[in-house]
Amino acid sequence: MAELKGKILAGKVLVKPIIEEKTASGIIIPSSRKDDAFRGEVVLVGSALPDVPMEVSVGDIVVYEKKFVPELTIEGEEYLLLSQDNVLYIE
Amino acid sequence: MAELKGKILAGKVLVKPIIEEKTASGIIIPSSRKDDAFRGEVVLVGSALPDVPMEVSVGDIVVYEKKFVPELTIEGEEYLLLSQDNVLYIE
Amino acid sequence: MAELKGKILAGKVLVKPIIEEKTASGIIIPSSRKDDAFRGEVVLVGSALPDVPMEVSVGDIVVYEKKFVPELTIEGEEYLLLSQDNVLYIE
Amino acid sequence: MAELKGKILAGKVLVKPIIEEKTASGIIIPSSRKDDAFRGEVVLVGSALPDVPMEVSVGDIVVYEKKFVPELTIEGEEYLLLSQDNVLYIE
Amino acid sequence: MAELKGKILAGKVLVKPIIEEKTASGIIIPSSRKDDAFRGEVVLVGSALPDVPMEVSVGDIVVYEKKFVPELTIEGEEYLLLSQDNVLYIE
Amino acid sequence: MAELKGKILAGKVLVKPIIEEKTASGIIIPSSRKDDAFRGEVVLVGSALPDVPMEVSVGDIVVYEKKFVPELTIEGEEYLLLSQDNVLYIE
Amino acid sequence: MAELKGKILAGKVLVKPIIEEKTASGIIIPSSRKDDAFRGEVVLVGSALPDVPMEVSVGDIVVYEKKFVPELTIEGEEYLLLSQDNVLYIE
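First to last, the sequence lines map onto chains Y, U, H, E, C, L and B. Position one of the first sequence corresponds to residue 1 (the UniProt record's numbering), numbered consecutively onward. Position one of the second sequence corresponds to residue 1 (the UniProt record's numbering), numbered consecutively onward. Position one of the third sequence corresponds to residue 1 (the UniProt record's numbering), numbered consecutively onward. Position one of the fourth sequence corresponds to residue 1 (the UniProt record's numbering), numbered consecutively onward. Position one of the fifth sequence corresponds to residue 1 (the UniProt record's numbering), numbered consecutively onward. Position one of the sixth sequence corresponds to residue 1 (the UniProt record's numbering), numbered consecutively onward. Position one of the seventh sequence corresponds to residue 1 (the UniProt record's numbering), numbered consecutively onward.
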């Protein structure tokens, strides 16, 4: 995946959604409510917000909720701009 | 239960729900409102939030409310991602 | 009443409801709005919240409101988990 | 009036409502909107809340609004549990 | 106007409404929306709230909005209990 | 325009609306949504609010939104009492 | 583009919308929800708000959301006045 040159704001996490269902580490994406939990790779993180450390790093594989999450097309690729608290689990 | 390698965010508590009704320590799960209080074992905790110490530890058995609690399937097991204030009682 | 081994979170108060109407100290439970004010004995208190000292102690008899108060069955006994601000009067 | 042995929480004011209409100091209770302003004697005050000094003292005669004000019967007497900001005027 | 002996809480302003329309300083009370702006003399002020200095003094003539403003009758006179932010202009 | 002798509260800005459409500096008032952006001259400013510096000065020409903006007639002139965040642009 | 002489308030970002769809750096504006993400050039920025550093600079090309964004015509040109958190991505 080409490294992005741009920046995102404090407290934000840009992920590249992972589509396939089951991976080596045994994570099955969809929880009992299929449309709630998704997986993706972190490609960009913003700085920390006051009092809220940034706990996610570029390269992490995360499970996240898609609540109020804008979609972005950058250099032909589709990304999702999460707030850190959309992240449920960092593998 | 296999130890999880991943992480969750500050203020969060990941529990493995306990299904059976009555246990050695005499706790009967369902309160008078059957669907309100549940029991589970804590498998992961996030760090403390500013001004809110993390009072729950891995291994605790907790009674909790299921309000806005996302379900997660990790390595084939079902978990619930609580916020600490979903925890009603730490046995 | 058996002493509880468990813990509750900061700012919380666990009470054992007192059912009978009139007691030695002359407190009549139900105020003019019968379903609003109740009495109970405090069996557990959480630690203080930031800026909000815990003003209630184990053993206090309190008059309280039942707004958003989850019920818990612990070791066969019924309890109510109050927030401190549900407490109207400490006898 | 018997002195109450109990306590109320920080920021609260317990009053004994005064029923008669006109008093020596000339205060006529009901403002143009009869059901809005009432008078009573302060019998108990809580401690100060953070950043909000307790400006009312036991024995003060106050004019107050009855918004979200629980009623309490203690030792056969009827009281109202105000928040300090229900108090409009301290005579 | 007899000086009032009582007190009001922090951040509050007690005014005696001025009824006549035009005064020496040329202030015409009612703005284009007749029922929105009124004039009155300040008879009592509370202390400052944390971070909000009290900018109004006894004796000031103020133009104010009547939003959520309780009316009080004290010693036979009608007053209005403003919050400071009801005050639009201090003449 | 006669200088006003009065005062307004912290964080407020009193403007004299400018009616004509186009001015020397080329500002055309109405944005694409005609009723949203207006121009006026600042005649009075309040002091700064805690953490919010007052960025507008008397004599500035500003473009502003008319959301919840009370109108005032002072000495026969019509003014608008803005909050600073109604100001969109300072020419 | 003529440099603007004016100022905007703390936390605000004034952009000149970019209309054409695809640019040299490969950014395709419209995300899957066509009306959500737009591109523009930053022509003015306000100072930082308390606790929220200003992360955008004049000359940046940004992708932004059009939520509650007033439009302004200045010197015959159309601009949008964003809050910094309308900015999704800084190229």
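Each residue gets a CB set at the ideal place from its N, CA and C atoms; glycine is no exception.
Could you please give the first and the last residue of the uninterrupted beta strand (DSSP E) stretch that includes residue i?
i	result
Pro17 of chain H	12 to 17
Leu81 of chain L	77 to 83
Leu72 of chain H	71 to 74
Glu65 of chain L	61 to 65
Gly40 of chain B	37 to 45
Leu88 of chain Y	87 to 90
Taking 8 Å as the threshold (beta carbon to beta carbon), is residue i in contact with chain Y?
i	result
Pro70 of chain U	yes
Lys6 of chain U	The sequence given here has Gly at residue 6 of chain U, not Lys. Interface residue, yes.
Ile61 of chain U	no
Leaving out five residues before and five after residue i in sequence, what residues of the same chain have Cβ atoms less than 8 Å from its Cβ?
i	result
residue 100 of chain B	The shown model of chain B, from 1 to 91, leaves out residue 100 of chain B, and the question about it has no answer.
Lys7 of chain H	Leu44, Gly46
Leu72 of chain H	Leu14, Glu78, Tyr79, Leu80, Leu81
Leu88 of chain H	Ala37, Val62, Val63, Tyr64, Glu65
Ile74 of chain B	Leu4, Gly6
Val52 of chain H	Gly11, Gln84
I'd like the list of long-range same chain contacts for residue i, defined as Cβ closer than 6 Å, with 5 residues on each side in sequence excluded.
i	result
Leu9 of chain E	Gly46
Leu49 of chain U	Ala10, Gly11
Met54 of chain B	Val45, Ala48
With a threshold of 16 other CB atoms inside 10 Å of the CB of residue i, please say whether the residue is buried or exposed.
i	result
Gly76 of chain L	exposed
Gly11 of chain L	buried
Thr23 of chain H	With a pLDDT of only 49 at Thr23 of chain H, under 50, the local geometry of the prediction cannot be trusted, and the value read off the model is given with reservation. The residue is exposed, with fewer than 16 neighbouring Cβ atoms inside 10 Å.
Val58 of chain C	exposed
Pro70 of chain L	buried
Less than 8 Å between CB atoms is the rule here; does residue i satisfy it with respect to chain E?
i	result
residue 94 of chain H	Shown here, chain H extends from 1 to 91; a query on residue 94 of chain H therefore has no answer.
Ala37 of chain H	yes
Glu41 of chain H	no
residue 92 of chain H	No answer is possible for residue 92 of chain H: the residues shown for chain H start at 1 and end at 91.
Please check if any C-beta of chain B sits within less than 8 Å of the C-beta of residue i.
i	result
Ala10 of chain Y	yes
Leu82 of chain Y	no
Measure from the C-beta of residue i to each C-beta in chain L and report whether the shortest distance is under 8 Å.
i	result
Ile19 of chain C	no
Pro53 of chain B	no
Leu88 of chain C	yes
Glu78 of chain C	no
Would you say residue i reaches chain U, if we count a Cβ-Cβ gap shorter than 8 Å as a contact?
i	result
Glu91 of chain Y	yes
Asp85 of chain Y	yes
Among residues of its own chain, excluding the 5 on either side of residue i, which ones have a beta-carbon nearer than 7 Å to its beta-carbon?
i	result
Ser83 of chain E	Gly11, Lys12
Asn86 of chain E	Tyr64, Glu65, Lys67, Val69
Val56 of chain E	Val13, Val42, Val45, Val62, Gln84, Val87, Ile90
Does the distance between the C-beta of residue i and the nearest non-hydrogen atom of the ligand ZN fall short of 7 Å?
i	result
Leu44 of chain B	Ligands are entirely absent from the displayed structure, and the ligand ZN is therefore not among its contents.
Check whether the Cβ of residue i lies closer than 8 Å to any Cβ atom in chain D.
i	result
Phe38 of chain E	The structure shown contains no chain D; the protein chains it does contain are Y, U, H, E, C, L and B.
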